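Q: Heads up: the sequence shown begins at 1 in full-length UniProt numbering, then just goes up one per residue.
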Amino acid sequence: MSALTRYSLKDVAPKDGKNGADTWIVIHDMVYDVTRYKAEHPGGPELIDEYAGQDATIPFDDFGHSSEAIRMLKDYLIGELIQEDKRGNRKKKGSDTVKDKKKRIRSNMP
Ligand code: HEM
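Here's what the structure looks like:
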């Protein structure tokens, strides 16, 4: 088996389905090209368009897709996120360091 192509979230972002761009989405750190699938999606193309170029892990899981839907994903797999962009390694909102906080407090001082 050959290694998967690695993409960053920056590579995925322009694949937002707009102005003739392809439609890529990220689910559990894997990158999918769903340009061809979109129109067939039982949940409608709009839902996929809403997450085009972005991470759709949470909405995908929240809906509770069937195991058949999860199996289908592999047909559209084109790559994997680079290590630093994987969910576990992304900087979370509000998780800034003490240094960041101090800087913010200082910049708000008169
Ligand atoms: C490549 C990605 C996706 C695939 C392959 C996929 C596949 C499917 C499949 C096969 C179904 C039929 C029900 C089932 O088998 O679970 C379905 C339904 C649905 N999907 Fe997705 N889906 C994808 C992405 C998404 C995303 C990003 C959302 C965002 C919220 C979403 C929301 C829904 C909803 C709401 C339905 C229910 C439609 C209905 O029954 O009225 N799906 N999807």
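Even for Gly, the Cβ is constructed at its ideal location relative to N, Cα and C. Predicted model, so just to flag it, every value in this text is computed and none were measured.
For the alpha helix (DSSP H) containing aspartate 11, name the first residue and the last one.
A: Counted from its first residue, the sequence shown places residue 11 at position 11. Start and end: 9 to 12.
Q: According to DSSP, simplified to helix, strand and coil, what is serine 5?
A: In the sequence shown, counting from the first residue as 1, residue 5 sits at position 5. The amino acid at residue 5 is misidentified as serine; the sequence shows threonine. Strand.
Q: For the ligand HEM, I want to know if methionine 30 counts as a neighbour, meaning its beta carbon is within less than 6 Å of at least one of the ligand's heavy atoms.
A: Here the question's residue 30 lines up with position 30 in the sequence shown. Taking the Cβ of methionine 30 as the reference point, every heavy atom of the ligand HEM lies at 6 Å or farther away.
Q: Going by C-alpha distance, which of Arg106, Glu40, Lys86 is nearest alanine 56?
A: Residue mapping note: residue 56 aligns to position 56 of the sequence shown, counting from 1. Minimum Cα distance to alanine 56 is reached at Lys86.
Q: Measuring alpha carbon to alpha carbon, tell me which residue in Lys10, Phe63, Ile105 is nearest glutamine 54.
A: Along the sequence shown, one-based indexing puts residue 54 at 54. It is Lys10.
Q: Report whether the distance from the Cβ of glutamate 68 to the nearest heavy atom of the ligand HEM is below 6 Å.
A: Taking the sequence shown and counting its residues from 1, one reaches residue 68 at position 68. Yes; taking the cut-off as 6 Å, the Cβ of glutamate 68 has a heavy atom of the ligand HEM nearer than that.
Q: Considering only residues of the same chain and omitting the five flanking positions on each side of leucine 77, which have a CB-CB separation below 7 Å?
A: Within the sequence shown, residue 77 is the residue found at index 77, counting from 1. If we look at leucine 77 and ignore the five residues flanking it on each side, its Cβ neighbours are Met30, Tyr32.
Q: Does the separation of the CB atoms of residue 119 and threonine 23 fall below 7 Å?
A: The chain is shown only over 1 to 110; residue 119 falls outside these bounds and no answer can be derived.
Q: Once DSSP output is grouped into helix, strand and coil, what is the label at methionine 30?
A: Translated into positions along the sequence shown, residue 30 becomes position 30. Residue state, collapsed to three classes: strand.
Q: Kindly list the residues whose CB is nearer than 6 Å to the CB of isoleucine 82, restricted to its own chain and excluding five residues on each side of it in sequence; keep chain order.
A: Numbered from 1 along the sequence shown, position 82 holds the residue referred to as residue 82. Once the five neighbours on either side are set aside, the close Cβ partners of isoleucine 82 are Arg6, Ser8.
Q: Is the distance from the Cβ of phenylalanine 63 to the Cβ of isoleucine 27 below 7 Å?
A: For the purposes of this step, residue 63 is identified with residue 63 of the sequence shown, where counting begins at 1. For the purposes of this step, residue 27 is identified with residue 27 of the sequence shown, where counting begins at 1. Not closer than 7 Å, so no.
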